[in-house]
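Here's the structure we're looking at; comments come further down.
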Amino acid sequence: MGNLVSICAPKALPIETTFNLPSPLPSWPQTDNGGFASGSINLGGLEVYQVSTFTKVWAILEGGPENLGATFFEPSFTPDGYFMLGCYSQPNNQPLYGWVLVGKDDGSHTEPTWDGALTMPTDYTLVWSSENSKLKQDGNGYIWLPVPPPGYRAVGHNVTNSPEKPPLEKIQCVRSDVTQSCQRATIIWEKGYVYMLLWGLHEVDLMA
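Counting the sequence shown from 1 gives a position; my numbering is that position plus 4.
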């Protein structure tokens, strides 16, 4: 994908360049080219896998950097047993370059009283819709926040091109003790007359 957003049917877009997160990360096993050495890592009961192939869900064709809009994607491939934790978005003024993590419970805790690392949300809250926004866009987009059960957190949003709520099993919430607070990083998209800002995130440096 170049600077222009295609409005054809969604298709998987492989990543060909390395994407570095904007803040230091834990010491994860890596190969010489910077990828995951074994494809996945364990974060204390939560096993995560780096996914860099996406399917386009929806695109805004104006606003954001250079007024070129932004595109929203979901992982097009997840290994067996892994689940989507959130969608991915980036500005349209640069080629597709990112990756996201999908996760699964590693099954290391078998006690009946032990809550798993992941669980389905109980519902979704529609936090924003592009309907009636008068934006140049590829159809309408809907941004949903998963409603987590007690003891869990939503770590991403589900983006759809339909006003219908996505299936609960489409995304997973993460047990609270496995998560960490984040703060806003660079802005991905904004448009002056639209009451919605889209930001990238990075982890809070608790030692600062």
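All residues carry an ideal CB built from backbone N, CA and C; glycine is no exception.
Remember, it's a predicted structure, so these values are computed and weren't measured experimentally.
Three-way DSSP call (helix, strand, coil) for residue i in this model
i, result
"V61", "strand"
"P150", "strand"
"P236", "For the chain, the structure presents residues 5 to 212; residue 236 sits outside this window and is missing."
"E70", "helix"
"V159", "coil"
"E173", "helix"
Residue i to residue j span [Cα, whole Å]
i, j, result
"W148", "I175", "11 angstroms"
"P171", "M88", "12 angstroms"
"E194", "V159", "21 angstroms"
"D109", "S166", "30 angstroms"
"E66", "N96", "9 angstroms"
"P154", "H161", "18 angstroms"
"E168", "S137", "18 angstroms"
"G145", "L122", "26 angstroms"
"G90", "Y53", "13 angstroms"
"Q98", "M124", "34 angstroms"
"L72", "S112", "46 angstroms"
"A74", "G68", "7 angstroms"
"G120", "L47", "13 angstroms"
"E78", "D181", "25 angstroms"
"Y92", "T82", "14 angstroms"
"V163", "R179", "22 angstroms"
"E49", "L130", "A small correction: the amino acid at residue 49 is Gly; Glu does not occupy that position in the sequence shown. Approximately 30 angstroms between the Cα atoms of the pair."
"V104", "E70", "25 angstroms"
Cβ-Cβ distance between residue i and residue j below 7 angstroms
i, j, result
"V106", "Y128", "no"
"V55", "F76", "no"
"C177", "P152", "yes"
"L139", "I64", "yes"
"S80", "F58", "yes"
Contacts around residue i, its chain only, beta-carbon distance under 7 angstroms, and the 5 residues preceding and following it disregarded
i, result
"D84", "none"
"T183", "R157, V159"
"Y197", "none"
Cβ shell of residue i (< 6 angstroms), same chain only, five flanking positions each side left out
i, result
"W132", "I147, M200"
"E51", "S44, K108, D110"
"Q94", "G102"
"S134", "Q141, N144, G145"
Segment limits, beta strand (DSSP E) that includes residue i
i, result
"E78", "74 to 79"
"E51", "50 to 55"
"T164", "162 to 164"
"W103", "No beta strand (DSSP E) holds W103; DSSP gives it neither H nor E."
"Y86", "Here Y86 belongs to no beta strand (DSSP E), and DSSP marks it neither H nor E."
"V178", "177 to 179"
"S44", "44 to 46"
"T126", "From DSSP, T126 is part of no beta strand (DSSP E); its letter is neither H nor E."
Own chain, CB closer than 8 angstroms to residue i, minus 5 neighbours either side, in chain order
i, result
"T126", "V151, P152, P153, L172"
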